[in-house]
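Trainee: First the structure, then my questions, so here it is.
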Amino acid sequence: MELHLERATEDGDTTIRLLSNLPASQFTPRRIARLYRQRWQIESLFQRLESVLHSEVVTLGHPRAALLEHFHADLP
Numbered sequence: 001m002e003l004h005l006e007r008a009t010e011d012g013d014t015t016i017r018l019l020s021n022l023p024a025s026q027f028t029p030r031r032i033a034r035l036y037r038q039r040w041q042i043e044s045l046f047q048r049l050e051s052v053l054h055s056e057v058v059t060l061g062h063p064r065a066a067l068l069e070h071f072h073a074d075l076p
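What the sequence shown shows, in full-length UniProt numbering, is residues 1 to 76, in sequence order.
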C-alpha cells in the first residue's frame, strides 16, 4: 500500500510504503498512517511514564514474566 504525501519529507520522499494486515477495502493508506501515528503517541507517553516513574519491567522479555504481568493486568 502506498501513501502519496502532499509535502515531501526532510529526505525528499513523496511516497510512504505501508505494510498492514488491515483490509485495504476498509482502511485507506491515509487512515492507516493516522492510526499508526496515534498509536505511536500512546507508546511514547508510556515510555515517558516508565522513565519518570522508573517502572519499566525489564524481565518482560521472558515468557513467564510476561504471563505473570498479563495475569496481574487482568485482575479486577
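The beta carbon of each residue, even a glycine, is placed where N, CA and C say it ideally should be.
(1) Can you give the Cα-Cα distance for residue 18 and residue 45, rounded to whole angstroms?
(2) For residue 45, which of helix, strand or coil comes out of DSSP?
(3) If residue 3 and residue 33 are in contact, beta carbons under 8 Å, what's the gap, nearest whole angstrom?
(4) Since residue 4 sits in a beta bridge, which residues does DSSP pair it with?
Mentor: The structure says:
(1) 24 Å
(2) helix
(3) 5 Å
(4) 15
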